[in-house]
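Going down the list, the protein sequences come from chains X and G.
Sequential numbering of the first sequence, starting at 1, is according to the UniProt record's numbering.
Sequential numbering of the second sequence, starting at 1, is according to the UniProt record's numbering.
Some notes on the structure that comes next.
Number of protein chains: 2
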Amino acid sequence: MAAARDEVPNKRVVLKRYVTGFPSEDDMEVVTATARLTVPPGSTAMVVKNLYVSCDPYMRGRMTKHERPSYVPDFVLGEALVNFGVSRVIASGHPDFKVGDLVWGMTGWEEYTLVPKPESFFKINHPELPLSYYTGVLGMPGLTAWAGFFDVSKPKKGDYVFVSAASGAVGQLVGQLAKLTGCYVVGSAGSDEKVNLLKTKFGFDEAFNYKKEQDLDAALRRCFPEGIDIYFENVGGPTLEAVLSNMRNHGRIPACGMISQYNLEQPEGVRNLFHIVAKRLRMEGFMVFDYFSEYYKFEEEMAGSYVEDIAEGLERAPAALIGLYSGRNVGKQLVAVARE
Amino acid sequence: MAAARDEVPNKRVVLKRYVTGFPSEDDMEVVTATARLTVPPGSTAMVVKNLYVSCDPYMRGRMTKHERPSYVPDFVLGEALVNFGVSRVIASGHPDFKVGDLVWGMTGWEEYTLVPKPESFFKINHPELPLSYYTGVLGMPGLTAWAGFFDVSKPKKGDYVFVSAASGAVGQLVGQLAKLTGCYVVGSAGSDEKVNLLKTKFGFDEAFNYKKEQDLDAALRRCFPEGIDIYFENVGGPTLEAVLSNMRNHGRIPACGMISQYNLEQPEGVRNLFHIVAKRLRMEGFMVFDYFSEYYKFEEEMAGSYVEDIAEGLERAPAALIGLYSGRNVGKQLVAVARE
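Following this line, the structure appears as structure tokens:
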């Protein structure tokens with residue numbers, strides 16, 4: 001019975017059914033399985049204890065059953081959800097990862113995860129900072145903001161920058177990077193509380209609550225009488241349409257996400273793409289995966305304030321994830337799995 | 001009465017009313033005004049005799065009355081339409097342009113045009129070629145194809161290239177440039193005659209008649225089982241939507257025009273722009289104006305076969321222009337104003 005001696009209960013959040021339309025907490029379930037806390041002899045795998053797992057909008061796509069393969073794999077029914085998290089190594093057969101190491105990478109929504117390929121994880125070089133930052137400002141959203149803003153949009157001092165979903169994990173960082181670059185920055189968000197945060201805490205020059213604007217086009221004209229040079233695209237749909245009408249010649253649209261469309265059975269059409277031709281706009285999608293080789297350089301460069309919304313415990317993970325799509329979170333949403 | 005001695009009748013095509021929806025020949029009118037064949041003393045203007053004027057899809061936008069200024073000025077009611085043409089200088093106060101010079105540039109749909117700023121015109125350095133080529137392969141459409149394909153889409157040998165409106169002025173050249181670059185090239189067009197031309201004359205690897213395809217997405221999957229690297233966008237709308245589903249990761253979409261949308265009172269929406277994010281696509285508009293400084297370099301580089309559709313005489317100009325929007329033209333459409 002030696003094999004059972006290293007088995008422990010392993011609470012996990014599993015997907016119960018594939019989702020169409022708006023997801024609900026009930027599409028997920030918290031169950032208890034078991035985990036082994038050792039790696040098989042000769043394996044280069046590692047076992048990690050998860051400390052924080054991140055709630056990110058792109059996860060909605062993984063809750064759909066795709067006919068053609070998507071850019072990230074669909075979740076597997078009955079298995080733990082998978083996303084970026086912060087973990088401590090508790091067993092390792094990999095020469096680069098030792099027991100006790102703090103790491104971040106693609107892990108399970110569960111207490112313990114067996115990681116077959118530890119080399120996909122990053123070491124945490126600043127454990128003196130709040131570890132949860134490695135799901136945000138120093139993790140995937142941070143690298144996303146940094147790559148999208150600097151590498152894709154090629155900002156110049158004085159550029160007029162608009163950020164949608166501006167108080168979220170990525171948006172709040174884009175705004176601050178833009179201010180550091182000498183840009184004029186306006187953000188949109190879905191509540192007065194978030195708008196207030198943009199102006200008082202994140203240093204946006206202007207901000208508005210898009211849910212209170214009768215006419216998005218007019219709101220943008222009010223904020224950008226000279227037009228927009230850079231639109232950091234997080235939402236898609238009607239906001240993108242209003243932005244296209246207000247872009248300046250040679251404007252750039254780094255396309256990071258389109259959260260307004262993820263839960264629609266029939267996405268909304270954007271009817272004024274001809275502005276891309278007439279104004280010589282560049283709209284360019286990007287993925288954080290393509291910038292992982294620059295992570296440690298980024299980690300050293302990055303600093304700044306950051307707002308988090310931490311849910312305590314895996315039991316609250318489904319609600320935290322669903323909250324993203326109604327905008328309930330204020331700042332970067334994540335889940336504390338274990339407080340060490 | 002000396003002033004009248006250099007006045008001659010000047011036949012011209014004028015816009016009678018601003019257009020909504022599909023334009024008709026009756027929106028234009030051929031009238032006879034007068035022109036002076038001299039320039040005022042001390043002026044640096046020139047007078048040109050127009051030989052060919054070009055019919056280009058973008059002209060539809062200039063037939064609309066815009067509330068906000070468009071990227072090119074609206075036509076002026078009662079004045080001659082304005083577009084690129086080939087002309088001979090018959091009077092000049094400009095040191096760089098002499099009587100007898102052959103030039104091309106933005107001129108009037110009329111027999112004689114007073115050009116206040118001759119420096120916006122290009123000299124024709126190869127008068128041994130058919131002069132009409134300077135409205136096509138050696139003119140604006142040629143420079144457009146060259147700039148959009150090489151500078152915007154950054155092609156590599158082996159890339160899979162799709163061109164819409166492929167037998168038109170720009171498309172036929174893009175296809176040939178792509179073949180010269182070692183790409184696999186498929187074109188779409190709106191008649192079997194055009195499709196045949198693409199395969200037999202322009203060297204496209206494959207071509208299809210989009211009007212005969214029940215399902216554009218399926219047609220593209222058939223032609224591009226591995227997906228599309230470069231889509232040279234001339235049409236917009238449902239074709240763009242079908243293409244986005246078939247793009248490969250890191251694909252590029254130089255956006256040259258969207259002719260399918262120009263005559264719609266309410267443009268069609270494109271619903272699957274999320275592919276831009278997921279596949280890290282770059283969609284980038286461009287304008288030939290931005291490449292005029294490279295024209296003479298381009299003129300020397302360019303060669304190849306080219307199909308034209310020449311209407312004889314200004315009387316046939318309105319029908320030639322309208323024909324663009326129903327696809328009646330085969331190849332580059334232009335109007336011969338005067339055969340010297």
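Don't be surprised by glycine CBs; every beta carbon is placed ideally from N, CA and C.
Nothing here was measured: the structure is a model prediction, and the numbers come from that model.
Within-8 Å CB hit, residue i to chain G
i	result
X/K65	no
X/A3	Low confidence applies to X/A3: its pLDDT is 47, below 50, so where it sits in the model is not reliable, and the reading given next is rough at best. It does not: the Cβ of X/A3 has no partner Cβ on chain G nearer than 8 Å.
X/D290	yes
X/L281	yes
X/V103	no
X/A278	yes
Alpha-carbon spacing of residue i relative to residue j, whole angstroms
i	j	result
X/N234	G/L177	36 Å
X/K211	X/S153	27 Å
X/G269	X/M59	22 Å
G/G236	G/L37	43 Å
G/R12	G/V19	19 Å
X/L129	X/N196	26 Å
X/E226	G/K201	48 Å
X/G175	G/S54	47 Å
G/E265	X/I310	49 Å
G/Y296	G/W146	13 Å
X/V161	X/D229	6 Å
G/F122	G/K65	29 Å
X/L102	X/A320	24 Å
X/L131	X/E312	15 Å
X/V30	X/K16	10 Å
G/M247	G/S164	14 Å
X/G315	G/C223	For the sequence presented, residue 315 of chain X should be read as Glu rather than Gly. Computed Cα separation, rounded: 49 Å.
X/F274	X/Q172	30 Å
X/G21	X/N263	5 Å
G/E119	G/F292	12 Å
G/A166	G/E300	24 Å
Three-state secondary structure assigned by DSSP to residue i
i	result
G/S87	strand
X/R62	helix
G/T107	strand
residue 346 of chain G	Summary: the structure shown does not reach residue 346 of chain G, with chain G confined to residues 1 through 340, and so no result is reported for it.
X/R17	coil
X/M28	strand
G/F298	helix
X/R339	coil
G/T44	coil
X/E315	helix
G/V82	strand
X/S153	coil
G/M140	helix
X/V270	strand
X/Y325	helix
X/Y133	helix
G/Y291	helix
Identity of the residues DSSP links to residue i by a beta bridge
i	result
G/F232	G/V163
G/L102	G/R88
residue 346 of chain G	Residue 346 of chain G is absent from the structure shown; chain G starts at 1 and stops at 340.
X/G310	Reading off the sequence, residue 310 of chain X comes out as Ile, not Gly. Beta-bridge pairing links X/I310 to X/L334.
G/R36	G/E7
X/F122	X/W104
X/N209	X/A189
G/T113	G/V48
X/S54	X/L334
G/M247	G/I228
G/R12	G/V31, G/E110
Beta carbon proximity, residue i to chain X, threshold 8 Å
i	result
G/V19	no
G/Y295	no
G/R271	yes
G/V82	no
G/S164	no
G/A145	no
G/S54	no
G/S70	yes
Beta-carbon neighbours of residue i, restricted to chain C and to distances below 9 Å
i	result
X/F274	Reference to chain C is not applicable here, since the protein chains of this structure are X and G.
Hey, is the region 16-29 of chain X in contact with the region 275-288 of chain X, meaning 3+ C-beta pairs nearer than 8 Å? Not touching, per the Cβ criterion.
For the region 109-122 of chain X against the region 31-46 of chain X, do three or more pairs of beta-carbon atoms, one drawn from each stretch, fall closer than 8 Å, so that the two count as touching? yes
For the pair the region 39-47 of chain G and the region 69-77 of chain G, tell me if three or more CB-CB distances fall below 8 Å. no
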